[in-house]
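Have a look at the structure below, then the notes.
2 protein chains.
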Amino acid sequence: MPDKYPAGVLLLAVAMSVVAGETVAPAPNGIELPAGYRDWRLIGSSHRTDNNTLRVILGNDAAIAAARAGRTNPWPDGARLVKLVWKDVTHEAWDRATVPGAFVHAEFMIKDSASYPDTGGWGFARWLGQEQQPYGADANFVQECFSCHTPVKDNDYVFTHPAVLP
Amino acid sequence: MPDKYPAGVLLLAVAMSVVAGETVAPAPNGIELPAGYRDWRLIGSSHRTDNNTLRVILGNDAAIAAARAGRTNPWPDGARLVKLVWKDVTHEAWDRATVPGAFVHAEFMIKDSASYPDTGGWGFARWLGQEQQPYGADANFVQECFSCHTPVKDNDYVFTHPAVLP
Numbered sequence: 001m002p003d004k005y006p007a008g009v010l011l012l013a014v015a016m017s018v019v020a021g022e023t024v025a026p027a028p029n030g031i032e033l034p035a036g037y038r039d040w041r042l043i044g045s046s047h048r049t050d051n052n053t054l055r056v057i058l059g060n061d062a063a064i065a066a067a068r069a070g071r072t073n074p075w076p077d078g079a080r081l082v083k084l085v086w087k088d089v090t091h092e093a094w095d096r097a098t099v100p101g102a103f104v105h106a107e108f109m110i111k112d113s114a115s116y117p118d119t120g121g122w123g124f125a126r127w128l129g130q131e132q133q134p135y136g137a138d139a140n141f142v143q144e145c146f147s148c149h150t151p152v153k154d155n156d157y158v159f160t161h162p163a164v165l166p
Numbered sequence: 001m002p003d004k005y006p007a008g009v010l011l012l013a014v015a016m017s018v019v020a021g022e023t024v025a026p027a028p029n030g031i032e033l034p035a036g037y038r039d040w041r042l043i044g045s046s047h048r049t050d051n052n053t054l055r056v057i058l059g060n061d062a063a064i065a066a067a068r069a070g071r072t073n074p075w076p077d078g079a080r081l082v083k084l085v086w087k088d089v090t091h092e093a094w095d096r097a098t099v100p101g102a103f104v105h106a107e108f109m110i111k112d113s114a115s116y117p118d119t120g121g122w123g124f125a126r127w128l129g130q131e132q133q134p135y136g137a138d139a140n141f142v143q144e145c146f147s148c149h150t151p152v153k154d155n156d157y158v159f160t161h162p163a164v165l166p
């Protein structure tokens with residue numbers, strides 16, 4: 001950056017770089033946004049018609065290795081899953097297809113049996129929208145997550161079944 | 001493998017390893033199944049209600065770089081996209097969600113302007129099912145692909161818009 005820029009411009013540039021993602025706030029339970037989740041690999045997908053969303057589930061290397069080996073009940077410590085959620089919209093050139101529209105949120109499940117014994121060994125966290133605002137007023141938000149996942153307790157609290165792939 | 005196994009068992013073992021995926025047949029237009037496509041990264045997803053399928057679109061490194069830079073009209077030479085397609089099934093614990101069931105096929109678009117001038121610069125190929133049988137009786141199968149993609153000519157013949165992600 002040239003020397004001639006005034007201090008205000010420099011400050012603005014720094015502020016913009018911060019807003020651009022270097023400092024997303026942690027979830028109220030202390031979980032930090034996992035770095036590089038956009039580069040995680042495919043686990044599965046879903047379409048919910050109760051809230052009109054499309055979802056893609058990605059996993060970190062440990063999760064991918066577990067899924068491909070069929071070791072997902074329970075998932076091993078170190079596995080991390082993210083569910084990326086978009087509002088569904090009709091494709092402009094194919095009106096019987098829905099595709100991702102506005103981004104809703106990114107939901108994480110982080111398997112660490114020692115750290116999260118009260119919630120099935122899973123740490124839960126969610127960041128809302130493009131702004132990546134952490135979800136939950138305080139650390140008790142995880143009770144909402146855990147309650148919703150309890151119906152799939154027999155699948156290690158995970159709704160997603162890894163998609164079959166050749 | 002022990003020396004005591006008879007020749008027939010050894011031949012069977014070789015045949016099984018071939019069936020297991022080392023030698024998937026090329027498409028009738030000569031395109032080989034791209035190696036490692038399961039490890040490509042996320043571009044988008046869709047749900048089609050006309051044929052009850054869920055789809056996830058992944059891209060190779062060149063495609064991911066182009067998508068994140070907004071350079072997708074046209075996509076650059078070297079970009080490779082795969083659309084992974086499953087029949088949709090209702091989730092057993094959430095009846096207003098559909099999730100991937102049986103695998104249907106993997107469809108590829110390979111951007112190489114010099115090699116495929118007659119089909120928008122794209123090479124098309126599809127492999128069916130878990131068995132990865134190449135689609136098409138002869139090389140003319142690409143006319144079917146290209147015809148179906150012509151309505152999105154103004155989007156470089158690609159239906160998929162990269163999903164918005166923070």
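Protein chains in written order, with my numbering: chain A, 1 to 166; chain B, 1 to 166. Just so it is clear, CB atoms sit at the ideal spot from N, CA and C, and this is done for glycine as well. Bear in mind that the values here come from a model prediction, so they are computed numbers and not experimental data.
Cutting at 7 angstroms between CB atoms, please list the residues of its own chain near residue i, excluding the five before and the five after it.
{"i": "HIS161/B", "result": "GLY44"}
{"i": "SER113/A", "result": "ASP77 and GLY121"}
{"i": "TYR116/A", "result": "TRP122 and GLY123"}
{"i": "LEU128/B", "result": "HIS105 and TYR135"}
{"i": "ASN73/B", "result": "ASN155 and ASP156"}
{"i": "PRO110/B", "result": "Looking at the sequence itself, residue 110/B is Ile, so the reference to Pro does not match. The answer, listed in chain order, is ILE31, ARG80, TRP122 and GLY123."}
{"i": "PRO166/A", "result": "none"}
Please look up how many angstroms separate the CB atoms of residue i and residue j, rounded, as I've assumed it's under 8 angstroms.
{"i": "HIS47/B", "j": "THR98/A", "result": "5 angstroms"}
{"i": "TYR37/B", "j": "ALA106/B", "result": "7 angstroms"}
{"i": "PHE108/B", "j": "VAL82/B", "result": "5 angstroms"}
{"i": "LEU33/A", "j": "LEU58/A", "result": "So it is not a contact: roughly 14 angstroms between Cβ atoms."}
{"i": "ALA163/A", "j": "VAL152/B", "result": "Not really, about 25 angstroms apart at Cβ, beyond 8 angstroms."}
{"i": "VAL85/B", "j": "VAL56/A", "result": "With 8 angstroms as the limit, VAL85/B and VAL56/A do not qualify as a contact, their Cβ atoms being about 14 angstroms apart."}
Determine whether the beta carbon atoms of residue i and residue j lie at a separation below 7 angstroms.
{"i": "GLY101/A", "j": "LYS87/A", "result": "yes"}
{"i": "ALA35/A", "j": "PRO134/A", "result": "no"}
{"i": "ARG96/A", "j": "THR90/B", "result": "no"}
{"i": "ASN60/B", "j": "ARG80/B", "result": "yes"}
{"i": "ALA75/B", "j": "ALA69/B", "result": "Ala is not the amino acid found at residue 75/B; the sequence shown has Trp there. No, the Cβ-Cβ distance between TRP75/B and ALA69/B is not below 7 angstroms."}
{"i": "THR119/B", "j": "PHE159/B", "result": "no"}
Within a Cβ cutoff of 8 angstroms, which residues of the same chain sit near residue i, ignoring the five residues on either side of it in sequence?
{"i": "ASN29/B", "result": "GLY123, PHE124, ALA125, GLY136, ALA139, PHE141 and VAL142"}
So, at 6 angstroms on beta carbons, what are the nonlocal neighbours of residue i in its own chain, with the 5 sequence-adjacent residues on each side left out?
{"i": "ASP154/A", "result": "none"}
{"i": "GLU131/B", "result": "none"}
{"i": "TRP40/B", "result": "LEU58, GLY59 and ASN60"}
{"i": "ILE31/A", "result": "GLY123 and ALA125"}
{"i": "ALA27/A", "result": "ALA125 and PRO134"}
{"i": "LEU54/B", "result": "HIS47, TRP86, ASP88 and PRO100"}
{"i": "ARG71/B", "result": "none"}
{"i": "ALA62/A", "result": "GLY78 and ALA79"}
{"i": "ILE64/B", "result": "ARG41"}
{"i": "GLU144/B", "result": "none"}
Quick one: using the 10 Å Cβ neighbour count with 16 as the cut-off for buried, is residue i buried or exposed?
{"i": "THR23/A", "result": "exposed"}
{"i": "GLY21/A", "result": "With a pLDDT of 47 at GLY21/A, under the threshold of 50, the modelled position of that residue is not reliable, and no figure is offered here."}
Inside the region 15-80 of chain B only - alpha helix (DSSP H) runs reaching at least 4 residues
61-69
Mind pulling the alpha helix (DSSP H) runs of 4 or more residues that sit fully within the region 97-150 of chain A?
141-149
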